[in-house]
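Read through the structure below, which is laid out as structure tokens, and then see the notes.
In the numbering used here, the protein residues as written are 769 to 1168.
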């Protein structure tokens, strides 16, 4: 549920009983981070601030100053937000710094950054002294509507039979735990510091939420997103606050019903993985984004680009199986293209290799691939063990 705090602020409650928490969305919220944290963690003590190296120094300073003014002794650490650095080695280094600060069990770790930093800081908080509070302050649109909410934390695992170092051997999010935050603070002013393609990356998750919105209380989200996308991309504060708050409300409703992804149907947290089975498989394969005008991006796909392509492919598969409305994949591709996201990928390996990588997906059961697919009416269904022909055709649908 979204409730107003003031004209420029929204609060979404994640309903988890005694572990419920607020996601606050607004402009200029970092200046009040300290008092908000004091409300949930008590005043005084230590706060360990983990920052993304891409966050402007001014934002880091404002956050630290607000925490200090609220009585917290602040220790800082900066992390490089790459998939390669999203590792157990990085977590071990971070934990050493937390321990040297004599951080105690009731004292919070505060994450200030994108999805990689949110995941690393959350995982470190979950396992340090068997669990300390974590506060998420996402700085990218992708992290605001996805990584910072829901308690999934973790890192990638490198698995290579030859011992070679290659992104092809990164297993996404294979090591982690559920550890819900105590508070999430989404300051939309931070989105103004993002490169344009990072803002675009987050829009793919917003489209995904819109495609499943009818299941979770907001059937009009996709149409609103379609109409409001240009205002949001131009950094209109009011549009950004509503965009983030409505998307967070979708995720909060899902998490409240199925916190640990135990639901076996599209009516559960598995729905949030729409586009991610193919997306995660191709994300580390050095593919190039190909846009509707034929332009090609650099090697490597951003997470949101991969998810957008995954949505097109997985819906195409569902269409062939009669699960999704005919023409839906083409419509989604058109929407993604209008936003500025890629609709094809160049340099993709053979479909068989991509399908093998999909077997590492956490939804896989009994060695069978499962896809969470939007049906075209705001709902989601799970497709289990799609035929190799349907899967191959779906992957080929996004090959440039």
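Note that the Cβ used here is the ideal one computed from N, Cα and C, for glycine as well. Remember, predicted model here, so these are calculated numbers, not experimental data.
Query                                                                                                             : Result
CB of residue 915 within 9 Å of CB of residue 882, strictly                                                       : yes
Residue 1092 to residue 1158 span [Cα, whole Å]                                                                   : 13 Å
Boundaries (first-last residue) of the alpha helix (DSSP H) holding residue 865                                   : 856-868
Spatial distance of residue 844 from residue 819 (CA atoms)                                                       : 7 Å
For residue 1041, the first and last residue of its enclosing alpha helix (DSSP H)                                : Unbroken run through residue 1041: none, as it is neither H nor E.
Residue 1063 (DSSP reduced to helix, strand or coil)                                                              : coil
For residue 922, the residue or residues it bridges with in DSSP                                                  : 944
Environment of residue 870 [buried if 16+ CB atoms lie within 10 Å]                                               : exposed
Touching by the beta-carbon criterion (3+ pairs, under 8 Å), the segment 1043-1056 and the segment 806-819        : no
Contact between the segment 961-976 and the segment 1127-1137 (3+ Cβ pairs under 8 Å)                             : no
Unbroken stretches of the beta strand (DSSP E), 3 residues or longer, contained in the segment 1073-1117          : 1112-1114
Residue 769, buried or exposed, once every other Cβ within 10 Å from all chains shown has been counted against 16 : Unreliable positioning characterises residue 769 in this predicted model, as indicated by a pLDDT of 49, which lies under 50. A coordinate reading is not provided.
Where residue 1133 sits in the DSSP three-state scheme                                                            : strand
The beta strand (DSSP E) enclosing residue 904, as first and last residue numbers                                 : 902-906
Reference residue 831, options 824, 799, 780, 850, closest by Cα                                                  : 799
Terminal residues of the alpha helix (DSSP H) in which residue 835 lies                                           : 825-837
Residue 1104 and residue 1076 closer than 9 Å at C-beta                                                           : yes
Span of the alpha helix (DSSP H) around residue 1148                                                              : Premise fails: residue 1148 lies in the beta strand (DSSP E), 1148-1152, not in any alpha helix (DSSP H).
Reduced DSSP category for residue 773 - H, G, I as helix; E, B as strand; rest coil                               : Bear in mind that the predicted position of residue 773 carries a pLDDT of just 47, short of 50, making it too unreliable to give a figure here.
Extent of the continuous beta strand (DSSP E) to which residue 847 belongs                                        : 841-847
Cβ-based burial, residue 986 [other Cβ within 10 Å; buried from 16]                                               : buried
Whole alpha helix (DSSP H) elements within the segment 954-987, 4-residue minimum                                 : 964-979
Backbone CA spacing between residue 1081 and residue 1087 [nearest angstrom]                                      : 10 Å
Residue 995, DSSP secondary structure in three states                                                             : helix
Strand pairing of residue 814, partner residues [DSSP]                                                            : 841
7 Å CB neighbourhood of residue 838 in its chain, flanking five on each side removed                              : 802, 803, 805, 806, 811
Three CB pairs or more closer than 8 Å across the segment 905-920 and the segment 945-954                         : yes
Beta-carbon separation (whole angstroms), residue 1008 vs residue 956, contact threshold 8 Å                      : 4 Å
Reduced DSSP category for residue 788 - H, G, I as helix; E, B as strand; rest coil                               : coil
Status (buried if at least 16 other CB within 10 Å, exposed otherwise) for residue 1140                           : buried
Rounded separation between residue 1118 and residue 954 - CA only                                                 : 40 Å
Proximity to residue 971 [Cα-Cα], best of 996, 1090, 983, 1153                                                    : 996
Pairwise C-alpha distance: residue 1022 and residue 1029                                                          : 9 Å
Close beta carbons around residue 772, own chain, < 7 Å, minus the five adjacent residues each side               : Because the pLDDT of residue 772 is 47, which lies under 50, any placement of that residue in the model is unreliable, and the question is left without a value.
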